[in-house]
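Participant: Dropping the structure in here first, questions after.
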Amino acid sequence: MQSKRMHPLMIASSILRSIKDLFFLILIFFVINIGSTSTWVVIGRYLLITIFILLIITAIVRWFRTSYEVKEKSIVIRQGAFVIKQRYLPFDRVQNVKTNTPFYFRFLHVTSLVLETGSGGDDASFTFPALHLADAEKIESIIDRYRKTDHKIEQVEEDQALTETSQTENERNIKSEQKHSERRIHFIPTRKDVLKASILSASYIVLVPILLSIFQQIDSVYDISTYLEDGYQFISNSWMVLVIAITLLILASIAFGVIQTFLKYGKYEIASDEERIYISQGVLSEKHFSIRKKNVQAIEMRQSILKRLLGVTSVKLISAGEMELSGDPVNSLYPFLPTKRALSLVEELLPGFEITTEMERMPTSSLVARMLHIPWIWIIATGVILYFFPQWWWTSIVLLILTIMGRYLDYRFAKFTINGSFIQLQTGGWEITTLVTQRHKAIEFSVEENIIQRRLGLITLKTSNRGKPVYVKTLADIPAPMAKEAYHWYKQ
Numbered sequence: 001m002q003s004k005r006m007h008p009l010m011i012a013s014s015i016l017r018s019i020k021d022l023f024f025l026i027l028i029f030f031v032i033n034i035g036s037t038s039t040w041v042v043i044g045r046y047l048l049i050t051i052f053i054l055l056i057i058t059a060i061v062r063w064f065r066t067s068y069e070v071k072e073k074s075i076v077i078r079q080g081a082f083v084i085k086q087r088y089l090p091f092d093r094v095q096n097v098k099t100n101t102p103f104y105f106r107f108l109h110v111t112s113l114v115l116e117t118g119s120g121g122d123d124a125s126f127t128f129p130a131l132h133l134a135d136a137e138k139i140e141s142i143i144d145r146y147r148k149t150d151h152k153i154e155q156v157e158e159d160q161a162l163t164e165t166s167q168t169e170n171e172r173n174i175k176s177e178q179k180h181s182e183r184r185i186h187f188i189p190t191r192k193d194v195l196k197a198s199i200l201s202a203s204y205i206v207l208v209p210i211l212l213s214i215f216q217q218i219d220s221v222y223d224i225s226t227y228l229e230d231g232y233q234f235i236s237n238s239w240m241v242l243v244i245a246i247t248l249l250i251l252a253s254i255a256f257g258v259i260q261t262f263l264k265y266g267k268y269e270i271a272s273d274e275e276r277i278y279i280s281q282g283v284l285s286e287k288h289f290s291i292r293k294k295n296v297q298a299i300e301m302r303q304s305i306l307k308r309l310l311g312v313t314s315v316k317l318i319s320a321g322e323m324e325l326s327g328d329p330v331n332s333l334y335p336f337l338p339t340k341r342a343l344s345l346v347e348e349l350l351p352g353f354e355i356t357t358e359m360e361r362m363p364t365s366s367l368v369a370r371m372l373h374i375p376w377i378w379i380i381a382t383g384v385i386l387y388f389f390p391q392w393w394w395t396s397i398v399l400l401i402l403t404i405m406g407r408y409l410d411y412r413f414a415k416f417t418i419n420g421s422f423i424q425l426q427t428g429g430w431e432i433t434t435l436v437t438q439r440h441k442a443i444e445f446s447v448e449e450n451i452i453q454r455r456l457g458l459i460t461l462k463t464s465n466r467g468k469p470v471y472v473k474t475l476a477d478i479p480a481p482m483a484k485e486a487y488h489w490y491k492q
């Protein structure tokens, strides 16, 4: 079939990204020094305008020269502004599929599509910066159909699938409903879940730094320090006004945190079908992620102290593909799941994975080994404190107490078990991390020991799973018989 270009919104997306990258310079030359006629300011403005024009031209040329072509068993992508690079992606190398739909894409039914592979380097992912929603859905359906029919997809079907992009909105909605009817929805957060998420994410704390930054930027252009000082005097002179002001600030921070959390997790959904797990999130900017169940290498569960108190757990899927969009991980099964629901959800999504709550604790000798480790961080920090800030000598004692507590908690929560073909490792004190993986999905399994461990009959155990980067889990100071049992288990 003939090659196709990306949607023209690719140009707008590139321009917005350039504005974001140049925001600091725009602020200096066109906001802070808006009335300045200094030579360096004038030259800076002209240079910035020239750079911006060149970036716009580059974005247009890159869009014009970027295209893709769907073949019988692969996709060919040609991209570049002045140097064209052609990349070839066989369907059988696709591990994960992700879409990212910013709010300015949604109005024109456009999305960004990312196809993840299991390799590294430049071939780690193939990105379609701006595709019509129908085209993105067709590409994903063609890849799925290719896998389901043992790689025997007819070229005619591909051509028809990708050329029928002028279908009406009603037809697309009907197909979307049919597609979703095959999926089972496992989890949608309630209002209570969103409220818990807003507390645990601590997003309400961000409001104060944002307000301070805004005031500083305004004050650099217009002198408002006098008004701020008068306002501070007015508030501090009356305890009632002070209480009201603090209350309003707290309420505003909570509202800000709840709104921010709702925009991120308000439309969160976890679903699955026979082959894939689907994760969706975002109210304004939507993000979608799908992974084949057999590509899940391991399950990671995390609990901070606050999450333990509230009885929630975050669960992540460890996969060979890079699972982030715009720096935001999308492979988490909702970071604030009730612990019992998290365990049952893993069983629903991945019936092959078995998680047990019965695990073996470490012996007392493990605690002794942990306490005998030289506390290098405490030693270095104490030296810095005593040399530069001698009046803060007492913080060294606090740091030592925290170090000892951390080591005890590491020992207290360190656990291990082998459950059939599964191995389960738990580490951490301030934050507990549990790994569950299968024997055939661990790409490396090693044991090592130091002098102290040899004297105490202990060993350090390491497992590695495919990921970007490779996911390595270490459980230190476990009994030698337990480590040998695990090593023989892996060699079976």
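According to UniProt numbering, the residues represented by the sequence shown are 1 to 492, in order.
Yeah, the Cβ is synthetic: ideal placement off N, Cα and C, and Gly gets one too.
Can you tell me whether residue 82 is buried or exposed? The criterion is at least 16 other CB atoms within 10 Å of its CB, across all chains shown.
Facilitator: Label assigned to residue 82: exposed.
Participant: When DSSP builds the beta bridges, which residues end up paired with residue 465?
Facilitator: Looking at the DSSP assignment, residue 465 forms a beta bridge with 442 and 471.
Participant: For residue 426, write down the residues that DSSP places opposite it in a beta bridge.
Facilitator: Paired residues: 415 and 434.
Participant: Quick check on DSSP: helix, strand or coil for residue 76?
Facilitator: Strand at residue 76.
Participant: Going by C-alpha distance, which of 311, 280 and 272 is nearest residue 294?
Facilitator: The shortest C-alpha separation from residue 294 is found at 272.
Participant: So, residue 100 versus residue 290, is the Cβ gap smaller than 8 Å?
Facilitator: No, these two residues do not count as a Cβ contact at 8 Å.
Participant: Could you name the residues that DSSP lists as bridge partners for residue 286?
Facilitator: According to DSSP, which records beta bridges pairwise, residue 286 is partnered with 101.
Participant: Return helix, strand or coil for residue 404, following the three-state DSSP convention.
Facilitator: DSSP places residue 404 in helix when its eight states are reduced to three.
Participant: Using the Cα positions of residue 258 and residue 281, report the straight-line distance between them to the nearest angstrom.
Facilitator: Spanning the two alpha carbons is a distance of roughly 15 Å.
Participant: Do the CB positions of residue 416 and residue 478 come within less than 8 Å of each other?
Facilitator: For residue 416 and residue 478, yes; Cβs fall inside 8 Å.
Participant: Please classify residue 316: does DSSP put it in a helix, a strand, or coil?
Facilitator: Reduced to three states, the DSSP call for residue 316 is strand.
Participant: Under the assumption that residue 461 contacts residue 480 (Cβ atoms under 8 Å), give the Cβ distance between them as a whole number of angstroms.
Facilitator: With a Cβ gap of about 10 Å, residue 461 and residue 480 do not count as contacting.
Participant: Can you name, in chain order, every residue of its own chain whose Cβ lies under 8 Å from the Cβ of residue 359, other than the five neighbours on each side?
Facilitator: Excluding residues within five positions, the ones whose Cβ falls inside 8 Å are 415, 416, 417, 424 and 426.
Participant: So the alpha helix (DSSP H) residue 10 belongs to, where does it begin and stop?
Facilitator: Counting along the chain, the alpha helix (DSSP H) containing residue 10 begins and ends at 9 to 21.
Participant: Tell me whether residue 6 sits in a helix, a strand or coil according to DSSP, three-state version.
Facilitator: Reduced to three states, the DSSP call for residue 6 is coil.
Participant: Please go through the same chain and pick out, in chain order, the residues whose beta-carbon is closer than 7 Å to the beta-carbon of residue 53, but skip the five residues on each side of it.
Facilitator: There are no such residues.
Participant: Give me the residue from 356, 287, 252 and 186 with the minimum Cα distance to residue 270.
Facilitator: Residue 186 is the option with its Cα nearest to residue 270.
Participant: Under DSSP, the beta strand (DSSP E) around residue 301 begins and ends at which residues?
Facilitator: Looking at the DSSP string, the run of the beta strand (DSSP E) that includes residue 301 is 296 to 304.
Participant: I'd like the list of long-range same chain contacts for residue 156, defined as Cβ closer than 6 Å, with 5 residues on each side in sequence excluded.
Facilitator: Because the pLDDT of residue 156 is 44, which lies under 50, any placement of that residue in the model is unreliable, and the number read from its coordinates should be weighed accordingly. So the list is empty, once near-sequence residues are dropped.
Participant: Determine whether the beta carbon atoms of residue 349 and residue 277 lie at a separation below 8 Å.
Facilitator: In contact: residue 349 and residue 277 (Cβ atoms closer than 8 Å).
Participant: When you compare each of 104, 400, 37 and 286 to residue 381 by their alpha carbons, which one comes out closest?
Facilitator: Nearest of 104, 400, 37 and 286 to residue 381, Cα basis: 400.
Participant: Pairs of beta-carbons, one from the segment 425 to 445 and one from the segment 378 to 394, closer than 8 Å: are there three or more?
Facilitator: The answer is no - the segment 378 to 394 does not touch the segment 425 to 445, with fewer than three Cβ pairs under 8 Å.
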